[in-house]
Amino acid sequence: MDSLDRFSNRYEIEGTIELKTPMRIGGGQNAAMYSLSPAPVIECFDAGSGVFEPYIPGSSLKGILRSTLERLVRTFDDSKCCVSVGNKKEGMVLCGNDTCISCRMFGSMNGGAKVRIRDSHLTDECRTKEDWQGYLREQPHFGSPRPGGKGLMRPEESVSAGTEFRFHIDLDNGTDEEAGLMMLVLREFNYFRAHLGGGSTRGHGFCSMKGVTLTKLSLQDGVISRDKVSGKDCLSAAKRYLAGINSSPDSDRGFDRYWKAFSEPVNRFDDGHVVATLIVTCITDFSMKGLDEPTVTNGLGPVIPGSTIKGFLRHKLEQRETDKKIIDSIFGGLNQRGRLIVSDAWYAGKKGIGNEYIPKRSALMMYMVFDNMTQNEMEHITQFFDKEIQITGNTSAGISKYNQGSPKNRVKIRVESVNRFSAKKFLAE
Numbered sequence: 001m002d003s004l005d006r007f008s009n010r011y012e013i014e015g016t017i018e019l020k021t022p023m024r025i026g027g028g029q030n031a032a033m034y035s036l037s038p039a040p041v042i043e044c045f046d047a048g049s050g051v052f053e054p055y056i057p058g059s060s061l062k063g064i065l066r067s068t069l070e071r072l073v074r075t076f077d078d079s080k081c082c083v084s085v086g087n088k089k090e091g092m093v094l095c096g097n098d099t100c101i102s103c104r105m106f107g108s109m110n111g112g113a114k115v116r117i118r119d120s121h122l123t124d125e126c127r128t129k130e131d132w133q134g135y136l137r138e139q140p141h142f143g144s145p146r147p148g149g150k151g152l153m154r155p156e157e158s159v160s161a162g163t164e165f166r167f168h169i170d171l172d173n174g175t176d177e178e179a180g181l182m183m184l185v186l187r188e189f190n191y192f193r194a195h196l197g198g199g200s201t202r203g204h205g206f207c208s209m210k211g212v213t214l215t216k217l218s219l220q221d222g223v224i225s226r227d228k229v230s231g232k233d234c235l236s237a238a239k240r241y242l243a244g245i246n247s248s249p250d251s252d253r254g255f256d257r258y259w260k261a262f263s264e265p266v267n268r269f270d271d272g273h274v275v276a277t278l279i280v281t282c283i284t285d286f287s288m289k290g291l292d293e294p295t296v297t298n299g300l301g302p303v304i305p306g307s308t309i310k311g312f313l314r315h316k317l318e319q320r321e322t323d324k325k326i327i328d329s330i331f332g333g334l335n336q337r338g339r340l341i342v343s344d345a346w347y348a349g350k351k352g353i354g355n356e357y358i359p360k361r362s363a364l365m366m367y368m369v370f371d372n373m374t375q376n377e378m379e380h381i382t383q384f385f386d387k388e389i390q391i392t393g394n395t396s397a398g399i400s401k402y403n404q405g406s407p408k409n410r411v412k413i414r415v416e417s418v419n420r421f422s423a424k425k426f427l428a429e
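Just so you know, we're using UniProt numbering here: the sequence shown kicks off at 1 and counts up by one.
Here's what the structure looks like:
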């Protein structure tokens with residue numbers, strides 16, 4: 001491992017995290033001092049303003065940055081990340097290999113970390129927004145203790161969409177290659193292949209990294225200089241590193257790498273990791289009551305929750321008696337993680353629509369991530385695109401035995417664009 005007992009240089013990476021959908025990082029038992037929610041988010045006390053504010057712990061950001069870096073590197077060569085991605089019981093080496101880029105940057109049992117990540121706090125601009133409706137929101141979440149069981153409602157707190165945080169990353173005694181790898185990892189958030197916090201499969205944690213800057217502090221003849229560094233040059237160095245280690249098979253579709261990254265797709269929803277940008281058009285007015293809202297919002301305006309869309313899709317597949325193995329692979333089960341990630345659908349237009357309901361003919365934007373899914377699995381989802389569907393249950397749609405006509409909450413989903421992870425495209429961008 002590289003020595004950290006002497007200072008040679010430091011790369012500082014700074015920027016802004018903008019939440020596209022609500023984010024949830026749980027506050028745990030100590031949250032009782034500042035929240036009455038049964039499922040609060042983590043907050044810290046700001047002595048300057050005298051209030052508790054949501055923030056992103058450095059440990060949370062570091063965890064997702066490390067796992068995303070490892071996923072990228074393993075896509076090209078899994079031997080360059082020494083944490084075993086196979087059967088841990090087979091006695092494979094877990095940490096500390098000098099050739100492991102992840103351990104070299106983020107630390108291991110054999111050495112300290114080059115990367116240090118500070119807590120990310122609210123931006124000054126976010127704190128002073130005059131039209132801001134508040135950083136936190138509470139939304140009903142229904143969960144079942146077992147497959148097929150009755151859903152139980154639990155209010156969950158989350159940080160509102162549109163909230164912004166400043167982040168700061170230090171990379172000590174680093175190289176342009178390592179700084180470039182950090183920049184590549186941050187860019188994964190902008191492609192919605194990485195997400196912050198918990199509940200990402202039901203729409204939480206979609207965000208973008210804005211205004212990212214790179215500065216290098218160097219020590220020479222006892223004097224520290226501070227210079228702006230070309231992010232483009234560092235990105236090129238990182239891509240050369242990834243291109244030089246390319247030796248991975250393309251057959252493992254675990255979550256540790258991007259599957260089929262070296263295969264040319266036959267169609268846009270071919271095997272692999274796919275992020276689809278979708279437009280949801282409301283055929284009728286849409287409303288779905290929140291805890292204390294006429295219709296559910298994300299803190300900025302009314303939305304169709306990702307959990308609702310995902311629940312509709314699962315219900316329809318179960319209704320059609322789809323093979324349980326396929327359903328579990330797509331949506332997850334007690335012993336496996338789901339592969340389908342669905343964001344909220346939100347109004348992206350300039351004209352305000354209020355917070356009472358979503359008017360008919362409104363166009364909403366959303367993202368759907370097919371995480372290392374087969375074409376067949378994706379087709380079970382895409383079969384509902386370009387069709388008029390009722391996205392909620394009959395109660396929210398206003399249907400009862402006394403009222404069978406003119407239901408609400410009917411929408412049509414169409415594909416705006418598709419981005420399938422390709423190693424060739426990734427290195428060329």
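C-beta: ideal position from N, C-alpha, C; glycine also.
| Item | Value |
| --- | --- |
| LEU186 versus SER417 - alpha carbon distance | 22 Å |
| Interface flag, GLY222 vs chain D, CB-CB below 9 Å | No chain D appears in this structure, which consists of one protein chain only. |
| Between the CA atoms of GLY174 and GLY244 - distance to the nearest angstrom | 19 Å |
| SER67: CB within 8 Å of a non-hydrogen atom of the ligand COA | For the structure depicted, the ligand COA is absent and the ligand set is empty, with no information on it obtainable. |
| Start and end residues, beta strand (DSSP E) containing GLN383 | From DSSP, GLN383 is part of no beta strand (DSSP E); its letter is neither H nor E. |
| Three-state secondary structure (DSSP) of SER343 | coil |
| Classification of GLY197 by the beta-carbon crowding that lies within 10 angstroms, buried from 16 upward | buried |
| ASN190 (DSSP reduced to helix, strand or coil) | helix |
| Burial state of GLY338 (16 or more Cβ within 10 Å) | buried |
| Residue closest to SER257, alpha-carbon to alpha-carbon, out of GLY180, ILE169, ARG193, LEU217 | One detail in the question is off: residue 257 reads as Arg in this sequence, not Ser. Of the candidates GLY180, ILE169, ARG193, LEU217, the one whose C-alpha sits nearest the C-alpha of ARG257 is ARG193. |
| Local Cβ density within 10 Å of ALA428, reported as buried at 16 or more and exposed below that | exposed |
| Opening and closing residue of the beta strand (DSSP E) in which LYS260 lies | Per DSSP, LYS260 belongs to no beta strand (DSSP E) and is neither H nor E. |
| Range of the contiguous beta strand (DSSP E) that encloses TYR241 | Run containing TYR241: none in the beta strand (DSSP E); it sits in the alpha helix (DSSP H), 231-244. |
| Three-state class that DSSP yields for MET109 in the structure shown | coil |
| Inter-stretch contact (C-beta, 8 Å, three-pair minimum) for the stretch 289-308 and the stretch 344-361 | yes |
| Residue burial classification, ASP344 (beta-carbon count within 10 angstroms, cutoff 16) | buried |
| Cβ-based neighbour list, THR382, same chain, cut-off 7 Å, excluding 5 preceding and 5 following | PHE269 |
| Beta strand (DSSP E) segment containing ILE64, residue limits | Note, ILE64: premise wrong, no beta strand (DSSP E); alpha helix (DSSP H) at 58-76. |
| Proximity to VAL73 [Cα-Cα], best of THR395, SER102, SER236, LYS324 | SER102 |
| Nearest neighbour of ILE391, chosen from GLY354, ASP77, VAL280 [CA to CA] | VAL280 |
| Nearest-angstrom Cβ-Cβ length linking VAL41 and ARG24, presumed shorter than 8 Å | 6 Å |
| Cβ contact (3+ pairs, closer than 8 Å) linking the stretch 314-327 and the stretch 259-275 | no |
| Residue environment, ASN267, which counts as buried when at least 16 other CB atoms sit within 10 Å | exposed |
| Limits of the unbroken alpha helix (DSSP H) element including ARG127 | 124-127 |
| Cβ shell of GLY211 (< 7 Å), same chain only, five flanking positions each side left out | GLY15, THR16 |
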